[in-house]
Each structure stands twice: as structure tokens, then as C-alpha cells.
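Undergrad: To start, I am sharing the structure in question, which I have written as C-alpha cells.
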Ligand code: PXP
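Residue numbers (this note's numbering): 1011 to 1252.
Following this line, the structure appears as C-alpha cells:
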């Protein structure tokens, strides 16, 4: 079975819009876990425009209390690493984002960043944190990922989501499948994420042994869409009695 790790960033974005703790990142994470989600993901960016570094510590406490995994994603800048080293989440997913980038849009060039990755992977692993690297499908650097002692890769699935339902879907799934298989043969675990949703997830998980998917943006929008009827009806009931 694949684990569902809910990415809470969009709830943090809504919270920050009003400057109060509403909606509460912690409450939303609790509700997801109450409903059976297997873990929580947070991706603090250097400007902390959605997830804040302080959220990492709150969510770590929650995940520990519930016996589930916290996955913290991000670019390994000094500030990010300080927080991760202190909070010690179960997993840290390293992404090659530029500061200020809207969202992650590519995997690592591993050879180009070898010195940085080697050092950070070793420091994370030494603290008992599982390390995953965000990687493009078709990457030819999986051998190097293994050599640097990462535990897993996270496949960047936006190209799959783009192709979903089009004539390109079978070819792109085949490419993702080959990358996943090659990683697994090297002894790397395989996670996946970005732009996965209720429509496109099932076809993607035809690829065997994907250990974890982290999903945030679409999941949040789907909560709004699927909850809309009950909420509008609730408001109408109140205003119509006035
Ligand atoms: N994986 C990584 C590395 C990400 O940066 C993100 C977005 O924060 C996700 C997965 C989740 O993507 P989405 O929000 O589209 O579900």
C-alpha cells in the first residue's frame, strides 16, 4: 500500500492571509490524521509565505503523539537545515528550489550539486532522518543518488499530471515506471508528488511499490469543491430563517 502524506501548505497560506491562527494548520493536520491519512508533509520556503518554520515543530509534536511520519520538504539552505536538524522529522525531502520560487518545478541535477547533497545527506542521516531527493522521471543520475546514500527519491509528477488523459499518458507513465524500477533495483525507496489529485492518482499508482505520495494543492481544492454543497446549504438555512 502507498502511504498518503497530506501537504498542509495551502492551509498555512489561508491562515497567513488573516494574521490569526485560522485556519489552524495543526487542527487541519489532526483532522486529516483522524480520517486516516498516514502522515503529514510541510514545505517551508525561505520567505515563509505559507508554512512557517515554527509549524515544523508543532507538526512534529502532533505526528509523534499519533505515531505517524512528518515529512519536511525544502531547499537545504542553512535556516531550513537548522530547523530540520532540531525538529528531526521522520523524513526530509530535499528539493532544488530557488528562493522565491512559486512551486517546485524540477528535480535535482545531482552531479552538479554533488558536494552540497553529499554533506547534507550525511548530516541528516547521522541524525536518524530518512533522506529523499526530488528527482525528474528519466533521470540518469540514480546511481549517484545511491552513491550519496540517499534513502529514497521523490518523483516529480507534474509532467505526468500534465499528460494525464492525453495521448501522451501511456508514454510518460512508461518513463516514470522505468525510473521507479531502476531506483528500486538500486535499493532506493520511491515516493511521488506534485499535482496529483483524485482523478489522476489511481493511474499513477499502477506503477508498483510507490511508498508514499504527498498531496496538497489539489487536495485542498477538492476539500472545498466536495464540501461546497453542505456549506452553502448551511448558510442558506441560516439566512432564510432571518
Ligand atoms: N512534492 C514537492 C517537492 C513539493 O514541493 C510539493 C508542493 O509543495 C508537493 C510534493 C505537493 O504538490 P501539490 O501541492 O501539487 O500536491
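Heads up, the beta-carbon is just placed ideally off N, CA and C, and yes, glycines get one too.
Hey, quick one: how far does the beta strand (DSSP E) through residue 1202 stretch, first residue to last?
TA: Note, residue 1202: beta strand (DSSP E), 1199-1203.
Undergrad: Roughly how many whole angstroms lie between the Cα atoms of residue 1058 and residue 1251?
TA: Each residue's Cα considered, the two are about 43 Å apart.
Undergrad: Anyone know if the C-beta pair for residue 1078 and residue 1048 falls short of 9 Å?
TA: Closer than 9 Å, so yes.
Undergrad: DSSP three-state call for residue 1196: helix, strand or coil?
TA: Here residue 1196 sits in coil by DSSP.
Undergrad: Does at least one heavy atom of the ligand PXP sit under 8 Å from the Cβ of residue 1213?
TA: Answer for residue 1213: no, Cβ out of range of the ligand PXP.
Undergrad: Indicate the three-state DSSP secondary structure (helix, strand or coil) for residue 1038 in the structure shown.
TA: Reduced to three states, the DSSP call for residue 1038 is helix.
Undergrad: For residue 1184 and residue 1231, what's the separation of their Cα atoms in angstroms?
TA: Distance between the alpha carbons of residue 1184 and residue 1231 is about 28 Å.
Undergrad: Quick one: what does DSSP say residue 1144 is sitting in, helix, strand or coil?
TA: It is a strand residue.
Undergrad: Please name the residue in 1133, 1134, 1199 and 1076 whose C-alpha comes closest to that of residue 1152.
TA: Comparing Cα-Cα distances from residue 1152 to each of 1133, 1134, 1199 and 1076, the minimum goes to 1199.
Undergrad: Can you check which of these residues, 1211, 1128, 1179 and 1158, is closest to residue 1196 by C-alpha distance?
TA: Out of 1211, 1128, 1179 and 1158, 1158 has the C-alpha closest to the C-alpha of residue 1196.
Undergrad: Check the DSSP bridge columns for residue 1052 and list the partner residues they point to.
TA: Note: residue 1052 sits in a beta bridge opposite 1082.
Undergrad: Please list the segments of the alpha helix (DSSP H) lying wholly inside the segment 1124-1184, counting only runs of 4 or more residues, in order along the chain.
TA: With a minimum length of 4 residues, the continuous alpha helix (DSSP H) runs that stay inside the segment 1124-1184 are 1124-1136, 1152-1157 and 1168-1173.
Undergrad: Hey, does residue 1194 have any beta-carbon neighbour from chain B nearer than 9 Å?
TA: Here chain B cannot be found, since the structure has a single protein chain.
Undergrad: Which same chain residues end up closer than 6 Å to residue 1292 when comparing Cβ atoms and leaving out the 5 residues on each side of it in sequence?
TA: Past the edges of the chain, shown from 1011 to 1252, lies residue 1292, and the structure says nothing about it.
Undergrad: Could you check whether residue 1167 and residue 1202 sit closer than 9 Å to each other, using their CB atoms as the reference points?
TA: Cβ distance < 9 Å, so residue 1202 and residue 1167 count as in contact.
Undergrad: Mind checking residue 1245: buried by the 16 CB within 10 Å criterion, or exposed?
TA: By the 10 Å Cβ count, residue 1245 comes out exposed.
Undergrad: Work out the CA separation of residue 1017 and residue 1180 for me, nearest whole Å.
TA: C-alpha separation (whole angstroms): 27 Å.
Undergrad: Flag this pair as yes or no: are the beta carbons of residue 1080 and residue 1054 separated by less than 9 Å?
TA: Against a cut-off of 9 Å, the Cβ pair of residue 1054 and residue 1080 comes out as no contact.
Undergrad: May I ask whether a heavy atom of the ligand PXP can be found less than 8 Å away from the beta carbon of residue 1051?
TA: Flag set: Cβ of residue 1051 near the ligand PXP.
Undergrad: I'd like the span of the beta strand (DSSP E) that includes residue 1102, first residue to last.
TA: Per DSSP, residue 1102 belongs to the beta strand (DSSP E) from 1101-1104.
Undergrad: Kindly indicate which residue of 1189, 1229 and 1215 has the alpha-carbon position closest to the one of residue 1012.
TA: Residue 1012 has its Cα closest to that of 1215, out of 1189, 1229 and 1215.
Undergrad: Taking the CB atoms as reference points, tell me whether residue 1067 and residue 1106 lie closer together than 9 Å.
TA: Going by C-beta atoms, residue 1067 is not nearer than 9 Å to residue 1106.
Undergrad: Consult DSSP for residue 1246 and reduce its assignment to one of helix, strand or coil.
TA: Correct three-state label for residue 1246: helix.
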